[in-house]
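Enquirer:
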Amino acid sequence: MDGYSLAILFVVTGLVLSLNPMTLSVFSALLAGALGKNHHKNVIHVIGLAFLLAYSSFLILFSILLIRLLSIISIDLTASLGIAIAVASIIFGLVNIKDYFWYKPKIKIPNNMDAAIHHRTIKKNNPISATMLGMITGFGSIITTGIALLCLAIILTLVQQASPTLIIVPTLCLVLPLIIIFVATLSGTKLSAIIKWKQDSKPLMQLGTGIVYIILGWILLLVLNGSINSIL
Amino acid sequence: MKHIVKRNGSTEVYDTKKLYASIYASCLSVHESATVAELAAQKITDDVNSWLAKKTEVTADDIRKTAGKYLSEFNPHAGYLYLHHHIMW
Numbered sequence: 002m003d004g005y006s007l008a009i010l011f012v013v014t015g016l017v018l019s020l021n022p023m024t025l026s027v028f029s030a031l032l033a034g035a036l037g038k039n040h041h042k043n044v045i046h047v048i049g050l051a052f053l054l055a056y057s058s059f060l061i062l063f064s065i066l067l068i069r070l071l072s073i074i075s076i077d078l079t080a081s082l083g084i085a086i087a088v089a090s091i092i093f094g095l096v097n098i099k100d101y102f103w104y105k106p107k108i109k110i111p112n113n114m115d116a117a118i119h120h121r122t123i124k125k126n127n128p129i130s131a132t133m134l135g136m137i138t139g140f141g142s143i144i145t146t147g148i149a150l151l152c153l154a155i156i157l158t159l160v161q162q163a164s165p166t167l168i169i170v171p172t173l174c175l176v177l178p179l180i181i182i183f184v185a186t187l188s189g190t191k192l193s194a195i196i197k198w199k200q201d202s203k204p205l206m207q208l209g210t211g212i213v214y215i216i217l218g219w220i221l222l223l224v225l226n227g228s229i230n231s232i233l
Numbered sequence: 010m011k012h013i014v015k016r017n018g019s020t021e022v023y024d025t026k027k028l029y030a031s032i033y034a035s036c037l038s039v040h041e042s043a044t045v046a047e048l049a050a051q052k053i054t055d056d057v058n059s060w061l062a063k064k065t066e067v068t069a070d071d072i073r074k075t076a077g078k079y080l081s082e083f084n085p086h087a088g089y090l091y092l093h094h095h096i097m098w
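Chains as they are written, first to last, in my numbering: chain A, 2 to 233; chain B, 10 to 98.
Below is the structure:
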């Protein structure tokens, strides 16, 4: 696996996982709150950028932390961890694909969390609150992106001549749809259209997530058994 | 004085101003002008108040859905946003 194919894997993973309904919803609600409060355009810019900066910083720090942790532990332990993560990734992927085709459990955000998000997006709509919300959203998105980032971090650790800085690529891709939504909204696109697109595309997003997780788990297993140029 | 049942089971006095403000904000969020937003907020609030006068007990969700329905008739984009912006998944 050369640097080029690794980069493609990282970009595709980042782009597919960036279409996360929860993150898109929170950011849309934040923008709805900012526009609804009739803030000056400059204030809306600061609120949006504060969220994006906090969200991306959290994910970048999380990814760097993963790479640092993996560099500290032994290669044998990384390989053992890799097997567990690859299996978890494939199971997570299969569950997502199963939910797309057969059964879809209704995900219910707890009332207190829902109220906290509403408070930070609509009621207390300011740059400080947006920064905190960005970090909280980053933390919350780890539920869906955490295993994938760990898979990628292990692949980077085990593949020969792979640069650890590549881990920043998927985290930057994770922010891309939010930047597009931000620019589109400021350019006059109605938030209702964005929310409708998100609602209509949720099943496809889930399918995409499932496929990416299975591919990641499979590639990690190939790295672990030596089929891909690993250092093992 | 009307009381509404909130999602957590507690009750709260119905506040027309809160409803007005939420509809006004929804209209601004879909790039409507302040004048149109005021007009929509006043009309929808009046409609909801008329609907509410016939009810004995309502939940906050009933009010949200009814206001959303009236707002969708006035402005489909604002109505959709009003009804769906809180859906976090």
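Cβ atoms here follow ideal geometry from the backbone N, Cα and C, with glycine treated the same way.
As the structure is a computational prediction, the values presented were derived from the model and not from experiment.
So, is the C-beta of Arg16 of chain B closer than 8 Å to a C-beta in chain A?
Expert: yes
Enquirer: Relative to the alpha-carbon of Ser81 of chain B, which residue among B:Lys64, B:Ser35, B:Val67 and B:Arg16 has its alpha-carbon at the smallest distance?
Expert: B:Ser35
Enquirer: Using the beta-carbon count (16 or more within 10 Å), is Arg16 of chain B buried or exposed?
Expert: exposed
Enquirer: Check for me: the alpha helix (DSSP H) holding Glu47 of chain B runs from which residue to which?
Expert: Ala43 to Ala62
Enquirer: Do you know offhand how far Leu223 of chain A's Cα is from Ile229 of chain A's?
Expert: Their Cα atoms are separated by approximately 6 Å.
Enquirer: Do the stretch 116-123 of chain A and the stretch 186-203 of chain A make contact, defined as three or more Cβ pairs closer than 8 Å?
Expert: no
Enquirer: Relative to the C-alpha of Leu187 of chain A, which candidate in A:Ile48, A:Tyr214 and A:Val17 has its C-alpha closest?
Expert: The residue among A:Ile48, A:Tyr214 and A:Val17 with its C-alpha nearest the C-alpha of Leu187 of chain A is A:Ile48.
Enquirer: Verify the CB distance criterion: does Asn39 of chain A have a CB-CB separation below 8 Å to chain B?
Expert: yes
Enquirer: Quick one: is Thr65 of chain B buried, meaning 16 or more other Cβ sit within 10 Å of its Cβ, or exposed?
Expert: exposed
Enquirer: How many Å lie between Ser75 of chain A and Val27 of chain A at the Cα?
Expert: 39 Å
Enquirer: Taking the beta carbon of Asn112 of chain A as the centre, do at least 16 other beta carbons fall within 10 Å, making it buried, or is it exposed?
Expert: exposed
Enquirer: Given that Val39 of chain B touches chain A, what residues does it touch there, using C-beta distances under 7 Å?
Expert: Lys191, Leu192 and Ser193
Enquirer: For Leu7 of chain A, does the count of other Cβ atoms within 10 angstroms reach 16, so buried, or fall short, so exposed?
Expert: buried
Enquirer: Where does Val67 of chain B fall in DSSP's three states?
Expert: strand
Enquirer: Tell me the start and end of each unbroken alpha helix (DSSP H) in the stretch 101-166 of chain A that is at least 4 residues and wholly inside, in chain order.
Expert: 112-119 and 128-159
Enquirer: Just verifying my parser: in three-state terms, what is the DSSP assignment at Thr20 of chain B?
Expert: strand
Enquirer: Using CA atoms only, rank isn't needed, just tell me which of B:His95, B:Gly88, B:Ser38 and B:Asn58 is closest to Lys26 of chain B.
Expert: B:Asn58
Enquirer: Going by CA-CA distance only, name the one from A:Ser57, A:Val88, A:Lys125 and A:Ile129 that's closest to Ile220 of chain A.
Expert: Just measuring C-alpha positions, the residue of A:Ser57, A:Val88, A:Lys125 and A:Ile129 sitting nearest Ile220 of chain A is A:Val88.
Enquirer: In terms of residues, what are the limits of the alpha helix (DSSP H) holding His40 of chain A?
Expert: Note, His40 of chain A: premise wrong, no alpha helix (DSSP H); not H, not E.
Enquirer: Based on the DSSP secondary-structure assignment, which residues constitute the bridge partners of Val39 of chain B?
Expert: DSSP output for Val39 of chain B lists no bridge partner at all.
Enquirer: How far does the beta strand (DSSP E) with Ile13 of chain B in it reach, from first residue to last?
Expert: Boundaries of the beta strand (DSSP E) around Ile13 of chain B: His12 to Val14.
Enquirer: Are the stretch 197-209 of chain A and the stretch 6-21 of chain A in contact at 8 Å, needing three or more beta carbon pairs?
Expert: yes
Enquirer: Are the stretch 57-66 of chain A and the stretch 134-146 of chain A in contact at 8 Å, needing three or more beta carbon pairs?
Expert: yes
Enquirer: Taking Ala43 of chain B as the query, report the chain A residues whose CB atoms sit under 9 Å from its CB, ordered along the chain.
Expert: Result: Asn39.
Enquirer: Put Thr190 of chain A into one of helix, strand or coil per three-state DSSP.
Expert: In the structure shown, Thr190 of chain A sits in coil (DSSP, three-state: anything other than H, G, I, E or B).
Enquirer: The alpha helix (DSSP H) that contains Leu16 of chain A, what's its start and end?
Expert: Gly4 to Ser19
Enquirer: How many whole angstroms separate the CB atoms of Leu153 of chain A and Phe11 of chain A, which I take to be in contact at a CB cut-off of 8 Å?
Expert: About 6 Å separates the Cβ atoms of Leu153 of chain A and Phe11 of chain A, confirming a contact at the 8 Å cut-off.
Enquirer: Out of curiosity, what's the CA-to-CA distance linking Leu157 of chain A and Ala87 of chain B?
Expert: 46 Å
Enquirer: What distance in whole Å lies between the Cβ atoms of Ser64 of chain A and Ile169 of chain A, which are believed to be in contact at a cut-off of 8 Å?
Expert: The pair is a contact, with the Cβ atoms about 7 Å apart (cut-off 8 Å).
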